[in-house]
Amino acid sequence: MSVKMSYKIIETDIVVVGSEAAGARAAFEAQDQGIDVLVITKSKMAKSAVTLMAVATCTAPFNEKDSPEILLKDTIKGGSYINDQKLAKIFSEEACQAVLDYDKYGTNFVKKQDKYVQFQMPGHTYPRGCLTEPIGTTGRKMVRALHHEANKRKIKILEDTLVFSILINNGRAVGVLAIDLQKTEVLVIKAKATILATGGGMRVYEKNCAAREATGDGLAMAYRVGVNLRDMEFVQFFPTVMISPKNLFGQQGPARLRYELNAQLINFYGERFMYRYDPLRGDKSTRDVVARGIYTEVKEGRGTEYGGVYMDVSYLPDKVINTFIDRHYPRFNFGGVDLLKEGIDIRKEPFEVTPAVHFFMGGIVINEKTTTNIEGLYACGEVAGGVHGANRLGGSALPEMGVFGKRAGKFAAEYVKDLKDTIEINIKQVNKEIERIERLFERPEGPNVYDILKKLQHVMWQGAFVIRSAQSLNSVLSEIECLRQEYQNVALKSKSKNFNLELKTALELELMFDVTEMIVRAALLRTESRGSHYREDYPEKNDQKWLQNIIISRKAEGMQLNKQPVEFTIFKPEEVNDEYKNKKRKN
Amino acid sequence: MMNTKTKNVKIKVFRFDPSVDQKPYYDEFNVPYDKDETILAALHYIRENFDSSLTYRYSCETGCCSICSVRINGKAGLACKVKMLEEDIVLEPVKKDKVLRDLAML
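Top line first, the protein sequences correspond to chains A and B. Quick note, the first sequence lines up with residues 1 to 587 if you use the numbering used here. Quick note, the second sequence lines up with residues 1001 to 1106 if you use the numbering used here.
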């Protein structure tokens, strides 16, 4: 049976793919310039994706002693010197404005006597983290404010609509191809400029603290049409998130007990294993060492029931715990996580923790105007790379979305205004993409898409997470290839055209293969350890060889990876480094 | 990871695809009981092991987004926060007149 799907053409000046912090901010800015803009989200605005999951803070150098320059230095040091310094500079200089804008929309950051209350996060020289009340709601308050603003502005938003391909004609981006999931109707979105604000791809890993939508669609779609990507080997993880009970999976608050109350990390056999990995500091080692320690214990079969380790303070007298809790977390409430209510009494029992994937530092190569190497295509937010280098400081994601979302909206609008000629869609490309969807509906039976997805996430977790080696990465590469083959025969159980989420997952999964391959190939090439990237076969940082970025592009012969020396346009590593050494000495 | 040593729980799920079905019906699945697992985990289990066409919304899985709201034995709650019950469970959309498909609402 042949399905032969028809399609509907929608025209707009600018299409923004992604509706949360970066996408919404871009849309507002473009609208302010009088440009027609259409926002597309594959789920529902303010009820999905990762912005709303930001439980911590939004960085901005408001403090009197602070300055954008100090934030820039902190960001470059945190990024192990391979950041795009021009982007990091813009980020530092415009972060305050981003916070003010979010606040203007109604985020309502906590203030005391007209000044923002700011938290000090690790790696930041001064307290910079703006936050909302109750603690842990920053992301949620932000997306609600942005949604409210979008409604007020009557921004056109297509929900439950998955963008799965960027349309290219004569080397220029001319819109996107999407599918209205509620009706399985293909939409050809013809746009003079396209802004990608699709976020990271944390969901390519088994254990992650990201929303279901974080499948990295934008990264793969961009790669497929010849966009350059960078730093894809750098995937940030949290060392300890709660893993059990399952309704608390991903919570980070209680894990603060490790350094705040000398919580012990214990494996299934009751061993305090961290002393094997860090004989001096043990449980209080740095977060990368702790993550590797836990990961190794679990991998070697000494993990707990749910694949983590125990975090325990119950060895302490109740009196000590009670005093600490009363002072810092009244009623055992860890920023919204009410442990006692959830049935966990830390005075009596441990809880289970695991490292989990949190953020993608890498992404699309952009310039100061958020332009990619394809004309008419812009990228902002987590889908773009460069600002954070090899690791991101806490609280620095939310301002990045605001800063570069705004820029994307501004510069895309300017581009549209100056555009003289009309744009045409390449119907051949449209038909080819539609055939992909038809094939999925036509195939009577084959492997289950959720099954392959689960295998891919597991393989990535096993071989391309906190500990990597040539051996593990090569084996992941061949597994990805096998799963890609298996995917060729995938079939949808239900052929219904009504909100078919198997179809959604199938289209995402196809893109996820490219995302995983980019991560693994870049991780293989980088024969050193830096930032979030750790190679057990090359455990040291190698500044002689590796003050470089890995640029990924698609060529006729396949995935190309090229090393490109970092341009130290503002600071040289020595300059930043010496300053921190002096600071330490002074302290 | 579902603990298979323990007993099974019968989960009755509301099914309705307005493009195909004349009226809603219920499907029954046996899911291993685990006191630490959530309703959402049970739905994932059904989708992966029994019926990949089962349709429900979810996103953050940490109680932030509320898109996974579902009626659990008549009472509305977040599938990612409510733990599995040891008794028979009936899962229905929060508003039956707004059903897009199965548990997913417009």
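The beta-carbon is built from N, C-alpha and C at its ideal position, and this holds for glycine as well.
Using the rule of at least 16 other Cβ atoms within 10 Å of the residue's Cβ for burial, across every protein chain shown, is residue i buried or exposed?
i, result
"A:S92", "buried"
"B:E1028", "exposed"
"A:Q485", "exposed"
"A:K504", "buried"
"A:T107", "buried"
"B:D1097", "exposed"
"A:G343", "exposed"
"A:K246", "buried"
"A:L340", "exposed"
"A:R407", "buried"
"A:P317", "exposed"
"B:Y1056", "buried"
"A:Y102", "buried"
"A:C482", "exposed"
Note down, in chain order, every chain A residue with its Cβ under 8 Å from the Cβ of residue i.
i, result
"B:P1018", "N498"
Are the CB atoms of residue i and residue j nearer to each other than 8 Å?
i, j, result
"A:V143", "A:A46", "yes"
"A:S48", "B:C1065", "yes"
"B:I1009", "B:E1092", "The sequence given here places Val at residue 1009 of chain B; Ile does not occur at that position. Cβ distance not < 8 Å, so B:V1009 and B:E1092 don't count as in contact."
"A:G218", "A:V17", "yes"
"A:R230", "A:I550", "yes"
"A:I35", "A:I14", "yes"
"A:Y277", "A:G301", "no"
"A:R25", "A:G405", "yes"
"A:I168", "A:V176", "no"
"A:F499", "A:L181", "yes"
"A:D312", "A:A255", "no"
"A:M121", "A:G394", "yes"
"A:V50", "A:A150", "no"
"A:M559", "A:R526", "no"
"A:A222", "A:A356", "no"
"A:R554", "A:G226", "yes"
"A:E368", "A:K86", "yes"
"B:V1094", "B:L1054", "no"
Which bits of chain B does residue i rub up against, with CB to CB less than 8 Å?
i, result
"A:V566", "Neighbours of A:V566 on chain B: none; closest Cβ ~35 Å, over 8 Å."
"A:A95", "Under the 8 Å cutoff, chain B gives no residues; its nearest Cβ is about 23 Å from A:A95."
Have a look at the options and flag the residue whose alpha-carbon is nearest the alpha-carbon of residue i.
i, options, result
"A:A193", "A:L248, A:A30, A:A210 and A:D114", "A:A30"
"A:T198", "A:A556, A:I364, A:A390 and A:G376", "A:I364"
"A:V416", "A:G381, A:A523 and A:T371", "A:T371"
"A:T132", "A:D312, A:Y223 and A:K112", "A:K112"
"A:S19", "A:L71, A:V117, A:L146 and A:V99", "A:L146"
"A:L511", "A:R436, A:Y102 and A:Q97", "A:R436"
"B:R1101", "B:K1012, B:D1021 and B:N1073", "B:D1021"
"A:V39", "A:A27, A:Q33, A:D32 and A:V50", "A:A27"
"A:E517", "A:M460, A:R535, A:D537 and A:E508", "A:M460"
"B:C1068", "A:R554, A:P122 and A:S43", "A:S43"
"A:Q236", "A:G78, A:M401, A:E481 and A:Q560", "A:G78"
"A:V309", "A:K369, A:A291 and A:M361", "A:A291"
"A:S80", "A:Y534, A:G558 and A:P447", "A:Y534"
"A:K104", "A:M274, A:D451, A:T125 and A:K141", "A:K141"
"A:K4", "A:V490, A:L280 and A:E433", "A:E433"
Give me the chain B residues within the contact set of residue i, using Cβ-Cβ distance strictly less than 9 Å, ordered along the chain.
i, result
"A:Q485", "Here the premise fails: no neighbours, minimum Cβ distance about 20 Å."
"A:D451", "E1048 and S1052"
"A:G250", "C1060, E1061 and T1062"
"A:K454", "E1048"
"A:V256", "In the sequence on display, residue 256 of chain A carries Arg and not Val. Here the premise fails: no neighbours, minimum Cβ distance about 17 Å."
"A:A145", "Here the premise fails: no neighbours, minimum Cβ distance about 15 Å."
In chain A, which residues lie less than 7 Å from residue i when you measure between Cβ atoms?
i, result
"B:E1037", "K246"
"B:R1101", "N498 and F499"
"B:K1081", "N247"
Please list, in chain order, the chain A residues whose beta carbon lies closer than 9 Å to that of residue i.
i, result
"B:A1042", "Chain A residues near B:A1042: none, gap ~10 Å exceeds 9 Å."
"B:I1046", "None at all; the shortest Cβ gap to chain A is about 11 Å."
"B:K1096", "Correct list: empty, because the minimum Cβ distance to chain A is about 16 Å."
CB of residue i to nearest heavy atom of the ligand GTP: below 7 Å?
i, result
"A:V515", "Within the structure as shown, the ligand GTP is missing, as the structure has no ligands at all."
Residues of chain B with CB closer than 7 Å to the CB of residue i, please, in chain order.
i, result
"A:L52", "C1060, C1064 and C1065"
"A:R287", "In chain order: nothing, as chain B lies at least about 20 Å away."
So with CB distances below 9 Å, who are the chain E contacts of residue i?
i, result
"B:A1104", "Checking the listed chains, one finds no chain E in this structure; the protein chains it contains are A and B."
Run through the stretch 1024-1095 of chain B for me and flag every whole beta strand (DSSP E) of 3 or more residues, listed as ranges in chain order.
As far as the stretch 1024-1095 of chain B is concerned, its whole beta strand (DSSP E) runs of at least 3 residues are 1025-1032, 1069-1072, 1075-1078 and 1089-1092.
In chain order, what are the residue ranges of uninterrupted beta strand (DSSP E) at least 3 long that sit wholly in the stretch 251-301 of chain A?
Within the stretch 251-301 of chain A, the beta strand (DSSP E) runs of at least 3 residues that lie entirely inside it are, in chain order, 264-266.
Identify every run of the beta strand (DSSP E) within the stretch 132-168 of chain A, keeping only runs that are complete inside it and at least 3 residues long; order them along the chain.
Counting whole runs of 3 or more residues, the stretch 132-168 of chain A contains the beta strand (DSSP E) stretches 156-158.
Which ranges does the beta strand (DSSP E) cover as unbroken runs of at least 3 residues, wholly within the stretch 198-256 of chain A, from first to last along the chain?
Within the stretch 198-256 of chain A, the complete beta strand (DSSP E) runs of at least 3 residues are 235-244.
Completely contained beta strand (DSSP E) runs for the stretch 369-434 of chain A, where each covers 3 or more residues:
Fully enclosed beta strand (DSSP E) runs of 3 or longer: 377-379.
Restricting to runs no shorter than 3 residues, where is the beta strand (DSSP E) found entirely within the stretch 43-94 of chain A?
Complete beta strand (DSSP E) runs here, min 3: none at all.
Unbroken alpha helix (DSSP H) runs of length 4 or more, entirely within the stretch 497-534 of chain A: which are they?
Every alpha helix (DSSP H) stretch that sits fully inside the stretch 497-534 of chain A and reaches 4 residues is listed by chain position as 501-525.
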